[in-house]
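>
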Amino acid sequence: ASDDIDRRIIGLLCCLAVIALSVVMLSQPTGNNWTILLLFAIGGFSFPLYAIGGAYTNDWVSPEQMGAAASQLVTLYGFGAMIGPLVAAPFLDIIGTQGFAWSIISLHALVLLFLVYRIRAWHAPVTTKHWDDVSFHGRAFFIPATIVSLGVNRRGQSTRQHQQTAEQQQQQ
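Residue numbers (my numbering): 2 to 173.
(1) Between which two residues does the alpha helix (DSSP H) containing Val-117 stretch?
(2) Taking its Cβ as the centre, do 16 or more other Cβ atoms sit within 10 Å of Val-88, making it buried, or is it exposed?
(3) Do you know whose CA, among Pro-30, Leu-38 and Ala-122, lies nearest Gly-97's CA?
(4) Please work out which residues of its chain come closer than 7 angstroms, Cβ to Cβ, to Val-19, disregarding the five sequence neighbours upstream and downstream, and give them in chain order.
(5) Apart from the five residues just before and just after Tyr-78, which ones in its own chain have a Cβ nearer than 7 angstroms to its Cβ?
(6) Which value, in whole angstroms, describes the spacing of the CA atoms of Ile-184 and Ala-90?
(7) Going by DSSP in three states, Val-62 sits in which element: helix, strand or coil?
(8) Count the other CB atoms within 10 Å of the CB of Ser-28; is the residue buried (16 or more) or exposed (fewer)?
(9) Out of Pro-86, Leu-116 and Val-24, point me to the one whose CA is closest to Trp-103's CA.
(10) If the criterion is Cβ atoms closer than 8 angstroms, does the pair Arg-9 and Ile-95 meet it?
(11) Below 7 angstroms CB to CB, which residues in the same chain sit around Leu-74 once its five sequence neighbours on both sides are set aside?
(12) Run the CB neighbour count on Val-153, radius 10 Å, all protein chains shown included, and call it buried at 16 or more, exposed below.
(13) In chain order, what residues of the same chain have a beta carbon less than 8 angstroms from the beta carbon of Leu-113, not counting five sequence neighbours either side?
(14) What residue range is occupied by the uninterrupted alpha helix (DSSP H) comprising Phe-48?
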């Protein structure tokens with residue numbers, strides 16, 4: 002969906018869904034089974050924000066900068082995963098069991114405000130070609146980088162070459 006619709010709008014809708022589900026979670030009694038289902042749904046709308054952010058970042062950076070940008074996003078994601086529990090803990094101390102839902106609401110509200118700011122302040126990035134406009138050969142021979150690296154060890158040898166080298170060394 003984020004290839005056809007502005008990624009900022011998709012992120013905004015995900016944040017709104019997380020906030021709405023968290024408000025519903027506030028109305029649930031503690032220990033309710035519906036709370037677990039709500040947490041799964043919250044995760045289902047929250048976790049794609051990282052992928053949408055990565056795709057949005059790649060819209061703005063040149064191909065030469067994509068590796069560095071991905072590195073920074075992973076670092077930022079790791080920092081957020083580390084600092085998140087430290088931010089949620091005061092909510093739990095002050096508010097109690099509902100503090101977790103309030104921490105989710107407040108953090109996603111901050112992301113929502115940032116996305117609203119980005120929508121109002123900047124135009125959508127210029128895309129050169131949509132995937133449908135790419136030639137058939139460009140689509141047919143597109144191989145993701147993760148698949149290209151399968152079967153290759155760090156020295157650049159294929160797994161079969163590595164096995165043959167190991168067998169030759171054992172025979173000697």
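All residues carry an ideal CB built from backbone N, CA and C; glycine is no exception.
Looking at the coordinates:
(1) Taking the first residue of the sequence shown as position 1, residue 117 is located at position 116. Start and end: 100 to 122.
(2) Within the sequence shown, residue 88 is the residue found at index 87, counting from 1. Exposed, by the Cβ-count rule.
(3) Mapped onto the sequence shown, residue 97 falls at position 96. Of the listed residues, the one whose Cα sits closest to Gly-97 is Pro-30.
(4) Counted from its first residue, the sequence shown places residue 19 at position 18. Listed in chain order, the non-local C-beta contacts of Val-19 below 7 angstroms within the same chain comprise Ile-43, Phe-46, Ser-47, Ile-105 and His-109, local neighbours out to five positions each way being set aside.
(5) As a working mapping, residue 78 is identified with position 77 in the sequence shown. If the five residues before and after Tyr-78 are omitted, its C-beta is found closer than 7 angstroms to the C-beta atoms of Tyr-51, all from its own chain and listed in chain order.
(6) Given a span of 2 to 173 for the chain in the structure shown, any question on residue 184 remains unanswerable.
(7) In the sequence shown, the residue the question calls residue 62 occupies position 61. The DSSP-derived three-state label of Val-62 is coil.
(8) In the sequence shown, counting from the first residue as 1, residue 28 sits at position 27. Here Ser-28 is exposed. Its C-beta has fewer than 16 other C-beta atoms within 10 Å.
(9) One-based indexing of the sequence shown puts residue 103 at position 102. Shortest Cα-Cα distance from Trp-103 to any of Pro-86, Leu-116 and Val-24 involves Val-24.
(10) Indexing the sequence shown from 1 puts residue 9 at position 8. Indexing the sequence shown from 1 puts residue 95 at position 94. It is not a contact, given that the beta carbons lie outside the stated cut-off.
(11) Against the sequence shown, residue 74 aligns to sequence position 73. For Leu-74, where only same-chain residues beyond five positions count, the Cβ hits under 7 angstroms are Gly-54, Gly-55 and Thr-58.
(12) Within the sequence shown, the letter at position 152 stands for residue 153. Below a pLDDT of 50, predicted positions are generally treated as unreliable, and Val-153, at 49, falls in that range; the measurement from the model is reported next regardless. With fewer than 16 other Cβ atoms within 10 Å, it is exposed.
(13) Your numbering for residue 113 matches position 112 in the sequence shown. Close CB contacts of Leu-113 within its chain, under the 8 angstroms cut and outside five residues either way in sequence, are with Leu-13, Cys-16, Leu-17 and Ile-20 (chain order).
(14) Stepping through the sequence shown from its first residue, residue 48 is reached at position 47. Premise fails: Phe-48 is in no alpha helix (DSSP H) and is neither H nor E.
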